[in-house]
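Residue numbers (our numbering), protein chains in the order written: chain A, 1 to 245; chain B, 246 to 467. Working notes for the structure below.
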Amino acid sequence: MQRLTRYFLVPQQCYRFITDWSPWLTGAFLLTLGYGLIAGLCFAPADYQQGDGFRIIYVHVPSALLAMGIYTIMTTTALISLVFRIKLATLVMQISAPIGASFTFLALITGSLWGKPMWGTWWIWDARLTSVLILFFLYLAFIAVRAAISDPWARDRIAAWMAIIGFINIPIIHYSVLWWNTLHQGATLTVFNPSIAPSMLYPLLSMIIAFALFYLILLCQRLCADILYQERKAAWVQEILHELT
Amino acid sequence: MLKQFKILLEHELKIHYRHGAEWLTPLVFYWLVVSLFPFALSSTQSILRQSAAGIIWIALLLSLLMSLPRLFQSDLKDGSLAQYCLRTSSLMPYISAKLLSYAVLYIIPCLLLTPLLALLFYLPAHSIFILLLTLCLGSPILLLIGSLGAALTLKARESSALLALVIFPLYIPVLILALNCVNLAEQNLPIGALLAYLAAYCCVAIALIPLALKSILKIGVT
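Next comes the structure, spelled out in structure tokens:
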């Protein structure tokens, strides 16, 4: 436990930990991505109703899952940074925001690309679509607030509060949107069918893992860069820079 | 604590009284925004009646957005907010006095004007009553969330545009619940459950948001 906490509290240890493990991360990412893409796009059978159009699920579902997952991570790290004042948690929170916003955007775009041939429209004010759109706005608000405050101490605190408030609001949005939807239109197609065939399911699971690993890789890269920048006056960073040049 | 609250409330109202007709601006703004819609949509009776509740709610949100940035700004500028935060006693009397005076000056006039505006949009009396009910339950939530946004953007540059970005996503649940109520009432369907949800949301907001507001204001001052 002590060793584990040291990794996350001492910037130098954290940096070493990330640089040691990132080749493994990249390898696992390439493996899962390769299997998911090839099996999903070439070997999985076409859907009996949607034809080949269903294959966008291999991008859509992982990005939608990550869109919500990353917000949860942001809230958790926001709580940690408010309560325990751990610098690393603040870093993870701020780095995650643009990545999460990109995944949310990707989920919206792929969903609407799929919606045009399947539902006959690019956009429906459906419960799930609308709550994902609001999630996207919450990400943007978080990024905008961070960008508008110049004092770094207050910025991190206020951003943490923003993340927490947004997270409390997510279930409220989800349920209110569900009620709202009951008035306007009946159930649209169920997006995710749990009784999906194994030949379609395994590539999907593999893609979900690949996307999560991709997020981790991006996070680690930015984390390394930020740690190096923050500790740029420290001796060990100077040493690394010296080795590089 | 109650005594402090009374003193602060009196102080707030006195300040606003000396500023003269400042409280009129958001009210006139609200009226104006509502009256723009017949030009933008159509002056047909059926279309206006259908969209009246939504228009009134949106106009109220916009008029709140007009006045909310000023909520803590003047106290931050003249340093009194820092003094309130430094005091050993609780910040709660200050927050509640501030919010109450704001509600009295900016929100209640808008609510009083609403039946008249709703009549101009050909809403039947029953719907007007339901609309007012949802506004009474919803506007405290709007004010509390808005004050949270005002505190969050206190230190930010160009705070009013940012305020919209912060609070409007949080307003969506209230908007959905309230407008659903009005729509259901127009079709003579039961609305008890939705009203209960709105009231529950209101209670939770009143209980929890001032606590968050206290911490955020302290960050904003230091």
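Beta carbons are placed, not taken as given, at the ideal position from N, Cα and C, and that holds for glycine.
For Q230/A, report the span of its alpha helix (DSSP H) as first-last. For Q230/A, the uninterrupted alpha helix (DSSP H) segment begins and ends at P198 to Q230.
Chain-ordered neighbours of L140/A on chain B, where CB pairs are closer than 8 Å: L410
Throw me the rounded Cβ distance for the N425/B and W179/A pair, which I believe falls under 8 Å. 6 Å
Nearest-angstrom beta carbon gap, L397/B and W153/A [assumed within contact, 8 Å]: In fact, because the Cβ distance is near 15 Å, the residues do not count as touching under 8 Å.
Take F43/A and list the residues in its own chain whose beta-carbon comes closer than 6 Å to its own, dropping the five residues that flank it on each side. none
Just reading off the alpha helix (DSSP H) that Q50/A is part of, what are its end residues? For Q50/A, there is no enclosing alpha helix (DSSP H), since its DSSP letter is neither H nor E.
Would you mind giving the Cβ-Cβ distance between W268/B and L350/B, rounded to the nearest angstrom? I have them listed as a contact below 8 Å. 4 Å
Given that a residue counts as buried once 16 or more other Cβ atoms are within 10 Å of its Cβ, and exposed if not, what is H184/A? Caution applies to H184/A, whose pLDDT of 43 falls short of 50 and renders its modelled position unreliable; the model cannot decide the point.
Taking only the alpha-carbon atoms, compute the straight-line gap between I303/B and V411/B and give it to the nearest angstrom. Per the coordinates, the alpha-carbon of I303/B lies some 16 Å from the alpha-carbon of V411/B.
Member of I300/B, P271/B and V273/B whose CA lies at the smallest distance from the CA of F284/B: Distances from the CA of F284/B to each of I300/B, P271/B and V273/B were compared; the closest alpha carbon is that of I300/B.
List the residues of chain B that A144/A touches, going by C-beta distances under 7 Å, in chain order. L407 and L410
Tell me which residue opens and which closes the alpha helix (DSSP H) that G383/B is part of. It spans A370 to L397 - the alpha helix (DSSP H) in which G383/B sits, taken as one unbroken run.
Assuming contact is defined by CB atoms lying nearer than 9 Å, are V132/A and A67/A in contact in what I supplied? yes
Which residue marks the beginning of the alpha helix (DSSP H) containing S431/B, and which one marks its end? According to the sequence as given, residue 431/B is Glu; it is not Ser. Looking at the DSSP string, the run of the alpha helix (DSSP H) that includes E431/B is S404 to E431.
Using DSSP with H/G/I as helix, E/B as strand and the rest coil, what is P271/B? helix
Output yes if chain A places a C-beta closer than 9 Å to the C-beta of G465/B; else output no. yes
Cα-Cα separation, I369/B to L458/B: Residue identity check: residue 369/B is Pro in the sequence provided, not Ile. About 39 Å.
Same chain, Cβ closer than 7 Å to F214/A, five either side skipped, listed in chain order: F29
Compare the C-beta of V177/A with all C-beta atoms of chain B and state if any pair is closer than 9 Å. The beta-carbon of V177/A is placed less than 9 Å from the nearest beta-carbon of chain B.
Could you name the residues of the same chain whose beta carbon sits closer than 7 Å to that of L345/B, not counting the 5 residues immediately before and after it, in chain order? L254
Check the Cβ of R85/A against every Cβ in chain B and list those closer than 7 Å, keeping chain order. Ordered by position in chain B, no residue passes the 7 Å Cβ test against R85/A, which lies about 13 Å from the chain.
For A423/B, go through chain A and note every residue whose CB falls closer than 9 Å to its CB, in chain order. Result: empty, since nearest Cβ-Cβ is about 10 Å, beyond 9 Å.
Going by C-alpha to C-alpha distance, which of P45/A, I86/A and F142/A sits closest to A409/B? F142/A
Quick one: give me the first and last residue of the alpha helix (DSSP H) that I73/A is part of. Its alpha helix (DSSP H) spans residues I57 to V83.
List, in order along the chain, the chain A residues whose C-beta lies closer than 9 Å to that of K400/B? A148, I149, S150, D151, A154, R155 and I158
Candidates L456/B, Q249/B and F413/B: which alpha carbon is nearest L305/B's? F413/B
Label H60/A either buried or exposed according to how many other C-beta atoms from any shown protein chain fall within 10 Å of its C-beta, with 16 as the threshold for buried. It is buried - the Cβ of H60/A has at least 16 other Cβ atoms within 10 Å.
Within the continuous alpha helix (DSSP H) that includes W122/A, where are the two ends? W122/A -> no alpha helix (DSSP H), and no H or E assigned at all.
Cβ pair G100/A, I80/A closer than 9 Å: no
Endpoints, the alpha helix (DSSP H) within which G324/B is located: Taken as a continuous stretch (DSSP letters only), G324/B belongs to no alpha helix (DSSP H), as it is neither H nor E.
Measuring alpha carbon to alpha carbon, tell me which residue in P418/B, T379/B, T359/B and A363/B is nearest I134/A. P418/B
Cβ-based neighbour list, A363/B, same chain, cut-off 7 Å, excluding 5 preceding and 5 following: Closer than 7 Å at the Cβ level, and outside the excluded window around A363/B, lie A297, I301, I373 and L376.
Y339/B vs Y329/B beta-carbon contact at 9 Å: Yes.
How would you call D52/A, buried or exposed, if buried means at least 16 neighbouring beta carbons within 10 angstroms? exposed
In the DSSP assignment, the alpha helix (DSSP H) including D126/A goes from what residue to what residue? No alpha helix (DSSP H) contains D126/A, which DSSP labels as neither H nor E.
Is there a Cβ of chain A sitting closer than 9 Å to that of E431/B, yes or no? Not closer than 9 Å to any Cβ of chain A, the Cβ of E431/B fails to qualify, so no.
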